[in-house]
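Numbering (my numbering), first residue to last: 52 to 490.
Working notes, beginning with the structure itself.
Put into structure tokens, the structure is as follows:
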């Protein structure tokens, strides 16, 4: 028998203090229950819900136009123009209503409304879509106080055209792509539960998105996805619970940082997500022989210069994994770039997640706290509880057999390990030891 942890939430706000920094998250009360070792299901059941304040001050324009919910019809797609707000006490459960924001300087305040699809709606379309009407950037957009169950994504931010279409037109340079992408977007007090795919998805080259007080639970795949070329985004004061268990198999993480850079992930709580909390990697140009795929595009940028600070990781297989695909067999991904080793049954590709910082976080009930498989990682002022099996691991055999060589320039400074010596807490491959500094 093994112990798994069932989480129940209480509808109060708590101030958690970590390393001198105060921040608000929802309280999670954890109770243990026994399951057999062969039971491969998430510890957070599909019926457990996150209690949240229905409405939070979002500092939206006071001149917003009111959308009377009584006038909406099931399966309607509502186009938001300018600043609009749903009428109070609006209940859109079971109605499959969706919202689209396609203009700059616009906002949607749901005022705590609950949204969910109808029983006969098998569509994987998103509940809220932010997408321009042409290949031109839109900016200054806010979504607030929306609480979403089901749908393909709760929230999807993307460009007008798919990457494969731009790739065909020769729009390949990252700067040119970012010039077409949505930017300067705020997402405040929006929750996602039981989405079919990712709870929230930031599309390629989208930048300047701020997620504040979001709650993502039981997403079928990744909780929150940062797609390639995206950058300068902030995810803070949020909660990620039980994501990445499609058909109860732990296959994806709470936050995927896929060739995305200069993001800040701060003061969040991560609890029992499928593949771990935060995984940073570079897509290997998956399915490169199939240009019909919408995300057909060679990734040229590293998941670099990201700051992961002040978070709490609890009951996770991995807390933070830098270059999470470096040692993974990607044979089935049909990759088109960065091949370093290949056999009949395996294919390994050079991953890239450089110069990231992991600072002032707390790890408890975590199998592996931080795994580092690329260069320039700073791991400083973190606290690892006694129940963390392996706090820090550095190095990659796959890389050592390539021109990139061992993992280099890792700095491990002023971390706290309960009931473990430095030798017990930090595992460094022999080839990376001289290039790792411990202070």
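We put the CB at the ideal spot given by N, CA and C, even for glycine.
Other residues of its chain near residue i: CB distance less than 7 Å, five sequence neighbours each side excluded
i: residue 481; result: none
i: residue 212; result: 186
i: residue 386; result: 335, 336, 337, 339, 398 and 400
Distance CB(residue i)-CB(residue j) smaller than 9 Å
i: residue 209; j: residue 142; result: no
i: residue 257; j: residue 227; result: no
i: residue 178; j: residue 150; result: yes
i: residue 334; j: residue 279; result: yes
i: residue 363; j: residue 321; result: yes
i: residue 380; j: residue 397; result: yes
i: residue 309; j: residue 277; result: yes
i: residue 192; j: residue 243; result: no
i: residue 271; j: residue 296; result: yes
Rounded separation between residue i and residue j - CA only
i: residue 429; j: residue 446; result: 14 Å
i: residue 329; j: residue 402; result: 16 Å
i: residue 217; j: residue 367; result: 38 Å
i: residue 160; j: residue 205; result: 15 Å
i: residue 422; j: residue 371; result: 6 Å
i: residue 420; j: residue 126; result: 44 Å
i: residue 196; j: residue 461; result: 41 Å
i: residue 230; j: residue 474; result: 48 Å
i: residue 292; j: residue 298; result: 16 Å
i: residue 485; j: residue 441; result: 20 Å
i: residue 241; j: residue 458; result: 39 Å
i: residue 304; j: residue 144; result: 27 Å
i: residue 122; j: residue 148; result: 12 Å
i: residue 118; j: residue 105; result: 18 Å
i: residue 349; j: residue 252; result: 19 Å
i: residue 425; j: residue 431; result: 17 Å
i: residue 114; j: residue 137; result: 13 Å
i: residue 491; j: residue 215; result: Any answer about residue 491 is impossible in this case: the structure gives the chain only from 52 up to 490.
i: residue 416; j: residue 439; result: 5 Å
Spatial neighbours of residue i in its chain, beta-carbon cut-off 6 Å, leaving aside the 5 residues before and after
i: residue 100; result: At residue 100 the pLDDT is 43, less than 50, meaning the model places this residue with poor confidence and gives no usable figure here.
i: residue 471; result: none
i: residue 376; result: 332 and 402
i: residue 129; result: 150
i: residue 466; result: 433
i: residue 382; result: 397 and 398
i: residue 412; result: 362 and 433
i: residue 356; result: 312, 313 and 406
Residue i Cβ short of 8 Å to the ligand GDP heavy atom set
i: residue 379; result: With respect to the ligand GDP, the structure shown offers nothing to examine, as it has no ligands at all.
Residue-level contact to chain C via CB, residue i, 9 Å cutoff
i: residue 369; result: Within the model displayed, chain C is absent; a lone protein chain is all it includes.
Proximal residues to residue i (C-beta, below 8 Å), its chain only, five neighbours per side dropped
i: residue 490; result: 462, 463, 464 and 465
At a cut of 8 Å, does the region 105-112 reach the region 168-178 through at least three beta carbon pairs? no
4-residue-minimum alpha helix (DSSP H) runs that sit fully inside the region 197-247, ordered along the chain: 214-219 and 225-229
Taking only runs of the beta strand (DSSP E) that begin and end inside the region 331-411, which ones reach a length of at least 3 residues, in chain order? 358-360, 363-365, 369-373, 390-393, 398-400 and 408-410
Enumerate, from N- to C-terminal direction, the unbroken alpha helix (DSSP H) stretches of 4 or more residues contained entirely within the region 440-490. 448-451 and 473-476
Every unbroken beta strand (DSSP E) within the region 250-329, with a cutoff of 3 residues, ordered by chain: 251-253, 258-263, 266-268, 275-277, 285-287, 290-292, 304-309, 315-317 and 320-322
Ordered list of beta strand (DSSP E) runs contained in the region 115-200, each at least 3 residues: 116-118, 128-131, 134-137, 149-152, 157-160, 179-181, 190-195 and 198-200
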